[in-house]
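See below for the structure under consideration.
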Amino acid sequence: MKRFIDTMENKRVRTGKHFMMGNVACAEGATAGGCEFAAGYPITPASEIGHTLAKRLLEVGGYFFQTEDEISAICAAIGASWTGKKVFVPTSGPGISLMLENIGFAVGIETPVVLANVQRGGPTTGAPSMGLQGDMIQPRRGSHGDYEIIALCPSSPQEMFDHTVRAFNLAERYRTPVFVMADAFIGHMREEVTIPEPDKLELTYRRILKKGADPSTVKVFLDEEVAPMPIFGMGFKTHVTSSCHDEHGNRNLIDPTALDNFIQRLRNKILKHRDEIVQVEYDYDGCEVALVAYGAIARCAKEAVRVARSKGLNVGYFRVITAWPFPDREIQDLSHKVKKILVLENNSGQYYPYVKAEAAGRAEVEFLPPQILGQVHSLDYVVQKIEEMLR
Amino acid sequence: MSSVEHPLRKYLRPSVEATTFCPGCGDGTVLASILKAIDELGMTMDDFVFVSGIGCAAWIISPNFNADVLHTTHGRPIAFATGIKLNLPEKKVMVVSGDGDLTAIGGNHLIHAARRNIEMVVICVNNGIYGMTGGQVAPTTPREARTITTPHGSLENTFDIARMVQASGASYVARWTAYQPRQLTKSIKKAIQKKGFAFVEVISQCPVQFGAKTGAGSAVEMLETYRERSISVKKAAEMNVKEVEDRIVVGEFINTVKPELCEEVAALKERVRRNA
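As structure tokens, this is what we get:
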């Protein structure tokens with residue numbers, strides 16, 4: 067039996083160098099990250115993640131469950147997570163729109179769950195196979211109520227693997243939903259992906275309540291340091307409710323201080339640990355102008371900076387890797403060092419107002435969409451804009 | 209103070225001192241019937257995971273049952289229960305919720321769970337109205353009945369829930385009213401033991417909303433109506449459609465054996481493992 071488990075576990079990590087599609091790398095990241103149950107509904111441009119997981123999860127003793135709709139997918143995954151499993155829900159924007167109520171539920175009852183949004187052209191059905199960074203605020207503000215979320219922005223198939231593994235670690239660490247915010251460009255891009263040896267992968271597993279402990283006397287919710295999870299099937303007799311509740315899961319619908327506690331503790335659980343969560347990449351020392359970008363567009367920004375510098379232009383680069391929680395301090399630092407900031411996004415300026423607000427009074431912030439939404443920024447167009455800003 | 213304890217008290221959460229049900233509500237009868245079924249089967253609360261949605265009936269188990277309880281979002285308990293059961297197949301998973309939750313907003317999950325024949329017990333407390341939110345029309349409200357959102361009477365047809373679930377592929381389907389708690393308990397016991405999707409519909413009185421809004425009257429009057437109108441599945445089959453129209457058809461609609469999803473998944477995993 068032991069030998070069998072080892073064989074199954076070895077199959078989790080496809081160590082080696084691969085020429086791999088972003089969506090496939092995402093599925094491999096989930097498998098390597100310990101995913102045991104994934105649920106989804108067919109949707110372009112994310113379907114390849116489900117296709118890969120349908121085969122891969124069975125090879126490691128897990129299961130990909132195709133549901134009747136996206137609402138059912140997120141619900142089944144949350145239910146599975148409460149049995150102690152690592153769970154994954156890959157989809158695209160329309161799927162997230164359907165799931166939003168229950169993503170808020172996962173936040174409220176502190177459930178580890180990883181979601182991938184391979185963003186496509188919207189609003190509405192839009193253009194399914196075109197990439198757009200059109201859903202950047204959705205994970206942060208889409209579900210009703212007041213809450214914090216974690217969202218990562220991969221820029222390559224390699225990062226589809228790396229960020230998905232990290233998303234599982236963050237979800238387990240903080241008992242919360244974590245988004246991998248890709249888009250059709252990254253999802254369908256094929257590049258070299260290096261998957262490390264299994265022992266080189268650092269994996270996190272949630273804290274589970276000690277057997278025999280009583281959730282009515284120990285904290286199992288609303289701990290800013292993250293309470294151990296009283297998972298089902300172990301005799302804890304846990305009461306888990308979507309209603310406003312206290313540290314033990316007792317419903318309280320009449321006391322505003324209970325609501326305040328419910329909201330603040332959940333928010334602080336993420337915000338207090340923002341230094342462990344927020345990642346950015348930058349190279350702007352001594353620069354007058356810096357480009358800010360994330361995901362697929364960060365590739366355009368990086369190349370534009372390289373070309374502009376070769377022309378002698380004093381321009382720097384700042385890549386948002388963790389979109390949420392917002393990298394406020396990092397943007398503040400940037401705004402102290404440069405005079406002008408140019409935010410590049412493949413949308414009409416979703417992340418831009420947050421950057422502008424954070425840099426207010428220190429640096430001038432401008433926004434640059436691509437010439438045509440749904441395409442990436444062309445090199446000359448960005449370099450020309452940099453020249454204008456430095457004039 | 210008397211030291212005598214109700215024989216079912218041991219199944220309730222120690223912190224629970226009262227239920228949230230209105231006077232005359234049928235939810236208490238359903239609560240007792242479920243616990244009695246578990247008691248008579250000699251099972252413990254640790255054998256179960258209970259899941260509910262939103263509405264009065266969802267509060268039958270939450271927070272009352274001293275067990276693993278997941279109180280979820282509106283309409284989705286079966287979807288959550290499916291994820292739980294697929295990953296904890298050794299436990300019994302029971303969904304308890306209302307007709308609005310399970311057949312209106314959550315109707316899609318109900319028919320698909322029945323189609324998959326995943327082992328789980330779903331108890332649908334059908335009071336024919338939205339009680340918690342103030343007496344709005346439901347897919348189960350009788351035609352022409354006046355509710356707060358149909359002041360001139362409902363124009364719509366009603367779901368025959370038990371038959372819908374049967375047609376969707378369930379292994380076990382029964383319907384009783386709150387006037388028949390013994391038969392209800394017996395059916396819940398069968399549902400718990402069923403290897404497959406098991407559904408029990410309970411027509412239940414809501415005197416505060418349904419009774420007052422539609423003119424059906426008090427709890428006692430509604431229970432008397434259930435007694436007068438109830439007719440067995442067998443008897444109904446011998447009558448013509450017109451004769452059955454105003455009756456409540458009660459009893460077992462189906463009790464059969466067919467492949468169950470969790471067992472199929474386990475067998476598939478085993479097959480893949482052997483071929484590895």
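Chains as they are written, first to last, in the working numbering: chain E, 67 to 457; chain R, 209 to 484. All residues carry an ideal CB built from backbone N, CA and C; glycine is no exception.
{"Asked": "Residues in its own chain within less than 6 Å of Lys299 of chain R by CB, not counting five upstream and five downstream?", "Found": "Val257"}
{"Asked": "Mind reading off the beta-carbon distance from Ala275 of chain R to Met253 of chain R? Whole number of angstroms is fine, and I expect it under 8 Å.", "Found": "4 Å"}
{"Asked": "Mind checking Ser414 of chain E: buried by the 16 CB within 10 Å criterion, or exposed?", "Found": "exposed"}
{"Asked": "Could you tell me the boundaries of the alpha helix (DSSP H) in which Pro264 of chain E lies?", "Found": "Counting along the chain, Pro264 of chain E falls outside any alpha helix (DSSP H), and DSSP gives it neither H nor E."}
{"Asked": "Inspect the beta-carbon positions of His311 of chain E and Phe328 of chain E and report whether they are closer than 8 Å.", "Found": "yes"}
{"Asked": "If you follow the beta strand (DSSP E) that Gly306 of chain R is part of, which residue opens it and which one closes it?", "Found": "300–306"}
{"Asked": "Kindly indicate which three-state DSSP category Ser406 of chain E falls into: helix, strand or coil?", "Found": "The displayed chain sequence assigns Lys, not Ser, to residue 406 of chain E. Note: Lys406 of chain E maps to strand in three-state DSSP."}
{"Asked": "So, for Lys442 of chain R: in the same chain, excluding its five sequence neighbours on each side, which residues have a beta-carbon less than 8 Å away from its beta-carbon?", "Found": "Gly459"}
{"Asked": "Any beta-carbon of chain E closer than 8 Å to the one on Gly342 of chain R?", "Found": "no"}
{"Asked": "Could you check what DSSP says for Arg256 of chain E in three-state terms: helix, strand or coil?", "Found": "strand"}
{"Asked": "Rounded to a whole number of angstroms, what is the C-alpha to C-alpha distance between Ile71 of chain E and Ala139 of chain E?", "Found": "For Ile71 of chain E, the predicted structure reports a pLDDT of 49, less than 50, and the residue's modelled location is therefore unreliable. A value from the coordinates is still provided. Near 27 Å, if we compare the C-alpha coordinates of Ala139 of chain E and Ile71 of chain E."}
{"Asked": "Starting from Glu409 of chain R, follow the beta strand (DSSP E) in both directions and report where the run begins and ends.", "Found": "405–411"}
{"Asked": "Could you check whether the segment 218–238 of chain E touches the segment 277–284 of chain E, counting it as contact only if at least three pairs of C-beta atoms, one from each stretch, sit closer than 8 Å?", "Found": "no"}
{"Asked": "With distances taken from CA atoms, which of R:Pro231, R:Gly315, R:Gly336 is nearest Ile411 of chain R?", "Found": "R:Gly336"}
{"Asked": "With the cut-off set at 8 Å, would you say Val303 of chain R and Val333 of chain R are in Cβ contact?", "Found": "no"}
{"Asked": "Measure the C-alpha to C-alpha separation of His214 of chain R and Lys244 of chain R and round it to an integer number of angstroms.", "Found": "12 Å"}
{"Asked": "According to DSSP, what are the bridge partners of Cys332 of chain R?", "Found": "R:Ser305, R:Glu409"}
{"Asked": "Is the beta carbon of Arg256 of chain E less than 8 Å from the beta carbon of Met455 of chain E?", "Found": "no"}
{"Asked": "What are the residues that DSSP puts in a beta bridge with Gln32 of chain E?", "Found": "Because residue 32 of chain E is not part of the residues shown, which for chain E are 67 to 457, the question remains open."}
{"Asked": "Determine the chain R residues that contact Phe287 of chain E at a beta-carbon separation under 8 Å, and present them in chain order.", "Found": "Correct list: empty, because the minimum Cβ distance to chain R is about 13 Å."}
{"Asked": "Quick one: is Lys422 of chain E near chain B, going by C-beta distance under 8 Å?", "Found": "The structure shown has no chain B; the protein chains it does contain are E and R."}
{"Asked": "Should Arg22 of chain E be flagged as near chain R, meaning a C-beta pair shorter than 8 Å?", "Found": "Residue numbering for chain E in the displayed model covers 67 to 457; residue 22 of chain E lies beyond these limits and cannot be assessed."}
{"Asked": "Output, in chain order, the set of chain E residues within a Cβ distance shorter than 9 Å of Val373 of chain R.", "Found": "The contacting residues do not exist; Val373 of chain R stays about 15 Å from chain E at best."}
{"Asked": "Classify Ile274 of chain E as helix, strand or coil using the three-state DSSP reduction.", "Found": "strand"}
{"Asked": "Below 7 Å CB to CB, which residues in the same chain sit around Glu451 of chain R once its five sequence neighbours on both sides are set aside?", "Found": "none"}
{"Asked": "Looking at C-beta atoms only, is the number of pairs between the segment 355–370 of chain E and the segment 438–450 of chain E that lie closer than 8 Å three or more?", "Found": "yes"}
{"Asked": "Can you grab the Cα-Cα spacing for the pair Val224 of chain R / Ala112 of chain E, in whole Å?", "Found": "46 Å"}
{"Asked": "Looking only at its own chain, which residues have a Cβ that is under 7 Å from the Cβ of Trp384 of chain R, when we skip the five neighbours before and after it?", "Found": "Gln391, Leu392, Ser395, Val410, Val458"}
{"Asked": "Can you list the residues of chain R that Lys303 of chain E reaches, using a CB-CB cut of under 9 Å?", "Found": "Arg221, Met253, Asp254, Phe273, Asn274, Ala275, Asp276, Val277"}
{"Asked": "Roughly how many angstroms separate the alpha carbons of Gln388 of chain R and Met430 of chain R, rounded to a whole number?", "Found": "13 Å"}
{"Asked": "If you run the structure through DSSP and keep just helix, strand and coil, what is Met165 of chain E?", "Found": "helix"}
{"Asked": "Quick check on Arg78 of chain E - is its C-beta less than 8 Å from some C-beta in chain R?", "Found": "no"}
{"Asked": "Going along chain E, which residues have a C-beta under 9 Å from Phe418 of chain R?", "Found": "Simply none; closest approach about 24 Å."}
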